[in-house]
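What follows is a single structure, written as structure tokens, with notes after it.
There are 2 protein chains.
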Amino acid sequence: MNIGLDMMGGDFAPLEAVKGLQLYLSNGTRTASLFCIGDESLVKPLLEEYRVDAPNIHLVHAPEVIGYHEHPTKALKEKQRSSIAIGFHLLATGKIDAFISAGNTGAMLVGAMFSIKTIEGISRPVIATVLPKINGGTGILVDAGLNSDCKPEQLNQFATLGSLYAKYIFNIPNPKTGLMNVGEEEGKGNILAQAAYPLLKNNQQIHFIGNIEGRDLFNDKADVIVCDGFTGNIILKMAESVYDLSKQRGFGTDAYFSRFHYENYGGTPVLGVAKPVIIGHGISTAKAFNNMISVAEKMIESELCSKITGLFKL
Amino acid sequence: MNIGLDMMGGDFAPLEAVKGLQLYLSNGTRTASLFCIGDESLVKPLLEEYRVDAPNIHLVHAPEVIGYHEHPTKALKEKQRSSIAIGFHLLATGKIDAFISAGNTGAMLVGAMFSIKTIEGISRPVIATVLPKINGGTGILVDAGLNSDCKPEQLNQFATLGSLYAKYIFNIPNPKTGLMNVGEEEGKGNILAQAAYPLLKNNQQIHFIGNIEGRDLFNDKADVIVCDGFTGNIILKMAESVYDLSKQRGFGTDAYFSRFHYENYGGTPVLGVAKPVIIGHGISTAKAFNNMISVAEKMIESELCSKITGLFKL
Chain A
176 MNIGLDMMGG
186 DFAPLEAVKG
196 LQLYLSNGTR
206 TASLFCIGDE
216 SLVKPLLEEY
226 RVDAPNIHLV
236 HAPEVIGYHE
246 HPTKALKEKQ
256 RSSIAIGFHL
266 LATGKIDAFI
276 SAGNTGAMLV
286 GAMFSIKTIE
296 GISRPVIATV
306 LPKINGGTGI
316 LVDAGLNSDC
326 KPEQLNQFAT
336 LGSLYAKYIF
346 NIPNPKTGLM
356 NVGEEEGKGN
366 ILAQAAYPLL
376 KNNQQIHFIG
386 NIEGRDLFND
396 KADVIVCDGF
406 TGNIILKMAE
416 SVYDLSKQRG
426 FGTDAYFSRF
436 HYENYGGTPV
446 LGVAKPVIIG
456 HGISTAKAFN
466 NMISVAEKMI
476 ESELCSKITG
486 LFKL
Chain B
176 MNIGLDMMGG
186 DFAPLEAVKG
196 LQLYLSNGTR
206 TASLFCIGDE
216 SLVKPLLEEY
226 RVDAPNIHLV
236 HAPEVIGYHE
246 HPTKALKEKQ
256 RSSIAIGFHL
266 LATGKIDAFI
276 SAGNTGAMLV
286 GAMFSIKTIE
296 GISRPVIATV
306 LPKINGGTGI
316 LVDAGLNSDC
326 KPEQLNQFAT
336 LGSLYAKYIF
346 NIPNPKTGLM
356 NVGEEEGKGN
366 ILAQAAYPLL
376 KNNQQIHFIG
386 NIEGRDLFND
396 KADVIVCDGF
406 TGNIILKMAE
416 SVYDLSKQRG
426 FGTDAYFSRF
436 HYENYGGTPV
446 LGVAKPVIIG
456 HGISTAKAFN
466 NMISVAEKMI
476 ESELCSKITG
486 LFKL
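Chain order of the listed sequences is A and B. Numbering-wise (this note's numbering), the first sequence opens with residue 176 and increments by one. Numbering-wise (this note's numbering), the second sequence opens with residue 176 and increments by one.
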């Protein structure tokens, strides 16, 4: 399998991407071909310095970079030699099977939706985040922030996409799927949650277990939790702050609280587009890059995108 | 001042309410007259057992109780001799200056809105919760769960109400007020947040500091954070779960994480109704009851309801 990695994305690019590759290579069992897309003059010396020189590492020169504050559509159009534009070109033409970047999130989404395309039947793609369960397990929250305003049908599709992600990437069979809400009973919640509930209840592709409350995010009630992207983004950032708080209070090394650190999951796939696209956190470190490569491998191996395409064709 | 306390509300009623009174009396400087409303046959022996017999403690017999799962409007109408109905009667007729209950929340809200009335000019009352700041300070979140679907104008009123609450009850002068959102810049967010932003920006009654993200809930960016009740309820319950998680990991006694325990703030006033009404958590303990009495005292002393009335008359 061939995986493209944007070396220029993230606050610590290209250094942390290079160190992420080094970490990846240190685990001998992982043998994807990695296409490192970035400015050769910056990336090559670092690859040499960190001895990232295995036969499965290939450097793809991209002389331009899309900055964090550039307008996504405009930047992608004008900077066709940027690492993100080249990454999507390689992905669209089949030269790579997955593309990873911790760069401009907007440009990654525009690229995913217009160069790779949303899968037929899917209203809007969605991103996910990982919730560390107190029992050691892993929960998935969708939408983690892509769609601030949602229709009930979209939440229902997020439920299906999140369930497939939990099943194929996190190996959770028949994931328990809950609707983020303010009370347990059907009929609770805002207009969106009230309207989404019966759709989720009748969705044969998921194992719906009802409403989930804020206190249930880290327990074992649900494996997949569905909400709009506004709510999801607030939950995601609040969870990230729990790690910071625990660190400030001297518990940052606690086996549980350290799992709130974003680098443990690295990034999120854009679920609902035709090929694996993974977006990383702006502050991605080596560990985060390594984990994103791992998610890309699993997405390719499991043929998650094809499985989603098949399901929504029905 | 005269404060009414529903002895029959809460999972551990009337015992924890009695113990809360005992705690209140143990602090000699607090001299409100307390009207303990509840079933005499249950409350009196406990008051005796716990030696709650100061001259400022008065027992008001209420032979009926509104249960947790009763329909609020129906129960209030049919159980006129219940502790909640009697409490609102005493408050409406001026026999008490504030009413506290950890009982049926719906009945408390119906009582507050129909027996006490919403202040003229206020679209919907709102409830608040306390956010423990890592620097030792206190943040206020409104709406903590009363109004799942909100209009932009309502969020703007919540901002004013929350600011007054922060100023008069928590002694925060000119409280920094932020809009809960998914990004810092104006224009970010869902349709509601986008429409509320300019209203908050032009609100002369608050010190608006812009958008607040999930990661900022516990830092010093804002003293008052405004959101719809759906989002607020999820944040509130998630914050409560942070305490549970820290306890499970053995950090429950940490000076900071222990502040996530609900009993430290006890309950929330219903902001926007004409007289002080305080709703407690169903699992209220002695400490929570004691804190609710303290909030009631501050609301009466500061004449918060009159100040709100004056401001919205303009």
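Virtual Cβ for every residue (Gly too), placed ideally from N, Cα, C.
Is the CB of residue i under 8 angstroms away from at least one CB in chain B?
{"i": "Lys412 (chain A)", "result": "yes"}
{"i": "Asn439 (chain A)", "result": "no"}
{"i": "Gln423 (chain A)", "result": "yes"}
{"i": "Arg390 (chain A)", "result": "yes"}
{"i": "Asn465 (chain A)", "result": "no"}
{"i": "Ser433 (chain A)", "result": "no"}
{"i": "Leu420 (chain A)", "result": "yes"}
{"i": "Gly311 (chain A)", "result": "no"}
{"i": "Val401 (chain A)", "result": "no"}
{"i": "Phe393 (chain A)", "result": "yes"}
{"i": "Asp398 (chain A)", "result": "no"}
{"i": "Phe426 (chain A)", "result": "yes"}
{"i": "Asn253 (chain A)", "result": "At residue 253 (chain A) the sequence reads Glu, which differs from the Asn that was named. With 8 angstroms as the cut-off, Glu253 (chain A) does not count as an interface residue toward chain B."}
{"i": "Ser416 (chain A)", "result": "yes"}
{"i": "Asp429 (chain A)", "result": "yes"}
Please report the residue range of the beta strand (DSSP E) in which residue i lies.
{"i": "Cys480 (chain B)", "result": "Taken as a continuous stretch (DSSP letters only), Cys480 (chain B) belongs to no beta strand (DSSP E), being part of the alpha helix (DSSP H) at Leu479 to Lys488."}
{"i": "Asp181 (chain A)", "result": "Asn177 to Asp181"}
{"i": "Ser276 (chain A)", "result": "Ala273 to Ser276"}
{"i": "Asn386 (chain A)", "result": "His382 to Ile387"}
{"i": "Pro444 (chain B)", "result": "Gly442 to Leu446"}
{"i": "Val285 (chain B)", "result": "Looking at the DSSP string, Val285 (chain B) is not in any beta strand (DSSP E); the run it does join, the alpha helix (DSSP H), is Thr280 to Gly286."}
{"i": "Thr248 (chain B)", "result": "Note, Thr248 (chain B): premise wrong, no beta strand (DSSP E); alpha helix (DSSP H) at Pro247 to Glu253."}
{"i": "Ile400 (chain B)", "result": "Val399 to Val401"}
Let's test the definition: count the other Cβ atoms within 10 Å of the Cβ of residue i and tell me whether it reaches 16, buried, or not, exposed.
{"i": "Pro451 (chain A)", "result": "buried"}
{"i": "Ala430 (chain B)", "result": "exposed"}
{"i": "Glu328 (chain A)", "result": "exposed"}
{"i": "Ile366 (chain B)", "result": "exposed"}
{"i": "Asp391 (chain A)", "result": "buried"}
{"i": "Asn202 (chain A)", "result": "exposed"}
{"i": "Ile178 (chain B)", "result": "buried"}
{"i": "Thr204 (chain B)", "result": "exposed"}
{"i": "Asn386 (chain A)", "result": "buried"}
{"i": "Asn349 (chain B)", "result": "exposed"}
{"i": "Arg226 (chain A)", "result": "exposed"}
{"i": "Glu223 (chain B)", "result": "exposed"}
{"i": "Ser216 (chain B)", "result": "exposed"}
{"i": "Ser481 (chain A)", "result": "exposed"}
How about residue i: is its C-beta nearer than 8 angstroms to some C-beta of chain A?
{"i": "Asn279 (chain B)", "result": "no"}
{"i": "Gly320 (chain B)", "result": "yes"}
{"i": "Leu354 (chain B)", "result": "no"}
{"i": "Ile458 (chain B)", "result": "no"}
{"i": "Glu245 (chain B)", "result": "no"}
{"i": "Ile409 (chain B)", "result": "yes"}
{"i": "Thr406 (chain B)", "result": "yes"}
{"i": "Glu328 (chain B)", "result": "no"}
{"i": "Ser323 (chain B)", "result": "yes"}
{"i": "Val285 (chain B)", "result": "no"}
{"i": "Gly242 (chain B)", "result": "no"}
{"i": "Asn386 (chain B)", "result": "no"}
{"i": "Val305 (chain B)", "result": "no"}
Need the endpoints of the alpha helix (DSSP H) that residue i sits in, please.
{"i": "Thr304 (chain B)", "result": "Run containing Thr304 (chain B): none in the alpha helix (DSSP H); it sits in the beta strand (DSSP E), Val301 to Pro307."}
{"i": "Ile261 (chain A)", "result": "Ser258 to Ala267"}
{"i": "Ile232 (chain B)", "result": "No alpha helix (DSSP H) holds Ile232 (chain B); the beta strand (DSSP E) holding it covers Ile232 to His236."}
{"i": "Ile315 (chain B)", "result": "No alpha helix (DSSP H) holds Ile315 (chain B); the beta strand (DSSP E) holding it covers Thr313 to Val317."}
{"i": "Gln369 (chain B)", "result": "Ile366 to Lys376"}
Quick check: does the Cβ of residue i come within less than 7 angstroms of any heavy atom belonging to the ligand PLP?
{"i": "Asp429 (chain B)", "result": "Ligands displayed in this structure: none; no statement on the ligand PLP is therefore possible."}
For this session: Could you tell me whether the region 294-313 of chain A touches the region 262-277 of chain A, using the rule of 3 or more Cβ pairs below 8 angstroms?
Result: no
Exercise. Looking at C-beta atoms only, is the number of pairs between the region 452-459 of chain A and the region 273-285 of chain A that lie closer than 8 angstroms three or more?
Worked result: yes
Exercise. What are the start and end residues of each continuous beta strand (DSSP E) run of 3 or more residues lying completely inside the region 198-224 of chain A, in chain order?
Worked result: 208-213
For this session: Tell me, please, whether the region 324-338 of chain B touches the region 379-397 of chain B by the rule of three or more beta-carbon pairs shorter than 8 angstroms.
Result: yes
Exercise. Within the chosen definition, does the region 246-258 of chain A reach the region 277-288 of chain A through at least 3 CB pairs nearer than 8 angstroms?
Worked result: yes
Problem set entry | Residue ranges of each alpha helix (DSSP H) within the region 324-357 of chain B, 4 or longer | 327-344
For this session: Let me know the beta strand (DSSP E) ranges lying completely inside the region 421-476 of chain A, each 3 residues or longer, listed in chain order.
Result: 442-446 and 452-455
For this session: Check whether the region 457-468 of chain A touches the region 353-361 of chain A, counting contact only when three or more Cβ pairs, one atom from each stretch, lie closer than 8 angstroms.
Result: no
Exercise. Using 8 angstroms as the threshold, is the region 313-329 of chain A in touch with the region 400-411 of chain A, meaning 3 or more CB pairs across them?
Worked result: yes
Problem set entry | At least 3 beta-carbon pairs within less than 8 angstroms: the region 335-355 of chain A vs the region 439-450 of chain A | yes
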